[in-house]
Amino acid sequence: MFDELSEKLSAALGQLRGRGVLSEETVKDGLRTIRRILLEADVGFEVSRTFVERVEAKAVGLPALKTVAPGQQLVKMVYEELVALLGGNGPPAAIRFASVPPTVVFLVGLQGSGKTTTAAKLAQRLQREQKAPFLVAADVYRPAAVDQLVLLAAKAGVGVHAEPGVTDVTGIVRRGVEAAKHARARTVLVDTAGRLQIDEAMMGELVALKAAVPPHEVLLVADGMTGQDAVRIAQGFHAALGITGVVLTKMDGDARGGAALSVYAATQAPIKYIGTGESLEGLEPFRPDRIAGRMLQMGDVLTLVEKAEQSLDREKAELLAKKAMSKKGLDLEDFLVSLREMHKLGPLESLVGMLPGMNKQALQAVKGADPKRIKHVEAIVLSMTPAERRDPALLDGSRRARIARGSGRPVSEINRLLAQFKEMGRFMKGAKSAKGLNRLGRGAF
Ligand SMILES: Nc1nc2c(ncn2[C@@H]2O[C@H](COP(=O)(O)OP(=O)(O)OP(=O)(O)O)[C@@H](O)[C@H]2O)c(=O)[nH]1
Ligand SMILES: [Mg+2]
Numbered sequence: 036m037f038d039e040l041s042e043k044l045s046a047a048l049g050q051l052r053g054r055g056v057l058s059e060e061t062v063k064d065g066l067r068t069i070r071r072i073l074l075e076a077d078v079g080f081e082v083s084r085t086f087v088e089r090v091e092a093k094a095v096g097l098p099a100l101k102t103v104a105p106g107q108q109l110v111k112m113v114y115e116e117l118v119a120l121l122g123g124n125g126p127p128a129a130i131r132f133a134s135v136p137p138t139v140v141f142l143v144g145l146q147g148s149g150k151t152t153t154a155a156k157l158a159q160r161l162q163r164e165q166k167a168p169f170l171v172a173a174d175v176y177r178p179a180a181v182d183q184l185v186l187l188a189a190k191a192g193v194g195v196h197a198e199p200g201v202t203d204v205t206g207i208v209r210r211g212v213e214a215a216k217h218a219r220a221r222t223v224l225v226d227t228a229g230r231l232q233i234d235e236a237m238m239g240e241l242v243a244l245k246a247a248v249p250p251h252e253v254l255l256v257a258d259g260m261t262g263q264d265a266v267r268i269a270q271g272f273h274a275a276l277g278i279t280g281v282v283l284t285k286m287d288g289d290a291r292g293g294a295a296l297s298v299y300a301a302t303q304a305p306i307k308y309i310g311t312g313e314s315l316e317g318l319e320p321f322r323p324d325r326i327a328g329r330m331l332q333m334g335d336v337l338t339l340v341e342k343a344e345q346s347l348d349r350e351k352a353e354l355l356a357k358k359a360m361s362k363k364g365l366d367l368e369d370f371l372v373s374l375r376e377m378h379k380l381g382p383l384e385s386l387v388g389m390l391p392g393m394n395k396q397a398l399q400a401v402k403g404a405d406p407k408r409i410k411h412v413e414a415i416v417l418s419m420t421p422a423e424r425r426d427p428a429l430l431d432g433s434r435r436a437r438i439a440r441g442s443g444r445p446v447s448e449i450n451r452l453l454a455q456f457k458e459m460g461r462f463m464k465g466a467k468s469a470k471g472l473n474r475l476g477r478g479a480f
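Quick note, in the numbering used here, the sequence shown goes up one by one and the last residue is 480.
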């Protein structure tokens, strides 16, 4: 996410960070560079200028002050302004739930922006948060739209109200909310129809719908790849309909950051979630402080930890940890289980940006290790006998050749896997002493 922007920003700040003394000229130069980087990332002209002016106002006098590490302080100021620009330090901008359920949420936006996908992702997320979600299919223009939502609802395991063939949107939503109440749902997510661009017919329909069934939230779903267009679209929807929040989708692609950095300034509607993939898992709450951290390559360890807590099987993880600490240690079967759990976190690429100091080069290095590999490891381990899995020392040349035939992988790969497994064992042993654990902790954060 924001690869280019964050490469450039951290390079520019790297120039300033280490300095013991800052001249006014250096500060000015640095901020000019940052402004250029923002413009290149398709942040609006006004927003970029105000941003730099605000940092400059704070940084005035910084060169004269004989403070410790003035460069570091300047970086902190840039970080704080980035956080403010992205929506500030307030409480996480999740859905605001009505005191009397159900909370009704409209998802609006242009065609193809990701409304239907986002509705299903959000439903799955709310399901996990025990907010009893329910979906309503209010896109009456494309018959396939209803099918798409019904299919996704089934995938997410969430109830859905649909009336194929009916074109009275207000009626559908009214009955949908009733159906939701009947199903004891607490959150109703309404998937509306999109148009190619903002037009009066669409807005008229949404305004009428809003009057007939007042929503608690109107979330604009906008394609994050479209930069300033997304900002203009948000302004259009805000003026006509009053939006309460924004979901920026397709942030897993090479979105340059312009939309994320300008949409709050333009509408004062906070970005509440970002879409980070096509699957139902690809939705993250938007936390300005964490995103700013990622943009400056300061890492986002908190999001990583939350992701791990959500995706991993706690029991399995605890069992593995206990076994790893035991005298016997892990065997190959455990190795396979832990690899499978790791992969639940999503593709390695999506995790790398959350680790401090990780950048494109580091990513290239891990990429080679990724996608099909787990399938291969699986095939190799499954071709072993239970005794071999427990005690890899049994694996002599002829056994390795047999496993290669069984798994369809070359012997060299089996050797590599066994070497890695051995390495992991050494690592675990090192971690077993309290000292080792401490060292690990310090290294990771
Ligand atoms: N990579 C990626 N793709 C996404 C994301 N969100 C949605 N998409 C894709 O974008 C396309 C359009 O998504 P939809 O959810 O159908 O969009 P929509 O706004 O409902 O479209 P209409 O109903 O035609 O107005 C689909 O192919 C989705 O898989 C995302 O966060 N990342
Ligand atoms: Mg749709």
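Every residue, glycine too, gets a C-beta built ideally from N, C-alpha and C.
Are the beta-carbon atoms of Ile233 and Gly271 separated by less than 7 Å? Against a cut-off of 7 Å, the Cβ pair of Gly271 and Ile233 comes out as a contact.
Would the region 47-54 count as touching the region 295-304 if we require 3 or more Cβ pairs under 8 Å? Three or more Cβ pairs closer than 8 Å define a contact, and the region 47-54 falls short of that threshold against the region 295-304.
Exposed or buried, Ala269, counting other C-beta atoms within 10 Å across all chains shown (16 or more means buried)? Around the C-beta of Ala269, 16 or more other C-beta atoms lie within 10 Å, and the residue is accordingly described as buried.
Can you check whether the CB of Ala128 is closer than 7 Å to the CB of Leu224? No. Outside cutoff.
Taking all protein chains shown into account, do 16 or more other C-beta atoms lie within 10 angstroms of the C-beta of Thr302, making it buried, or fewer, making it exposed? Classification for Thr302: buried.
Just to confirm, does Ala197 get its C-beta within under 6 Å of one of the non-hydrogen atoms of ligand 2? Every heavy atom of ligand 2 is 6 Å or more from the Cβ of Ala197, so no.
Any non-hydrogen atom of ligand 1 closer than 6 Å to Ala243 Cβ: Ligand 1 never approaches Ala243 closely enough for any of its heavy atoms to be under 6 Å from the residue's Cβ.
So what's Asp369 in DSSP terms, helix, strand or just coil? Helix, per DSSP.
So who's on the other strand from His273, going by DSSP bridges? His273 pairs with nothing; no bridge assigned.
Under a three-way DSSP split, which group does Val171 fall into? Residue state, collapsed to three classes: strand.
By Cβ distance, which residues of its chain are closer than 6 Å to Ile278, with the 5 residues on each side in sequence left out? Closer than 6 Å at the Cβ level, and outside the excluded window around Ile278, lie Val253, Leu255, Phe272 and Ala304.
Would the region 54-61 count as touching the region 71-81 if we require 3 or more Cβ pairs under 8 Å? Output reads no: the region 71-81 does not touch the region 54-61.
Cα-Cα separation between Thr311 and Ala188, rounded to whole angstroms: In this structure, the straight-line span from the alpha carbon of Thr311 to that of Ala188 is close to 19 Å.
Secondary structure, alpha helix (DSSP H): runs of 4+ residues fully inside the region 128-168: The region 128-168 is shown to contain whole alpha helix (DSSP H) runs of 4 or more residues at 150-163, in chain order.
Alpha-carbon spacing of Phe132 relative to Arg221, whole angstroms: Across the structure, Phe132 and Arg221 are spaced so that their CA atoms are roughly 9 Å apart.
Who are the near neighbours of Leu453 in its chain, counting only those whose CB is closer than 7 Å to its CB and skipping five residues on each side? Excluding the 5 residues flanking it on each side, Leu453 has same chain C-beta neighbours closer than 7 Å at Pro427 and Leu430, in chain order.
Is the shortest distance between the beta-carbon of Leu117 and the beta-carbons of chain C less than 7 Å? Here there is only one protein chain, and chain C is not present.
Does Pro320 come out as helix, strand or coil in the three-state DSSP assignment? Reduced to three states, the DSSP call for Pro320 is strand.
Say the cut is 6 Å; is the CB of Ala290 nearer than that to a heavy atom of ligand 1? When distances are taken from the beta-carbon of Ala290 to the heavy atoms of ligand 1, even the shortest one reaches 6 Å or more.
Between the region 148-168 and the region 104-123, do three or more beta carbon pairs fall short of 8 Å? Taking 8 Å as the limit for Cβ pairs, the verdict is that the region 104-123 does not touch the region 148-168.
Leaving out the 5 sequence neighbours to the left and right, which residues in its chain are closer than 6 Å to Arg163 when beta-carbon positions are compared? For Arg163, same chain residues with a beta-carbon under 6 Å away, outside a window of 5 residues either side, do not exist.
Pro168 to Leu161 span [Cα, whole Å]: In this model, Pro168 and Leu161 are separated by some 6 Å (Cα to Cα).
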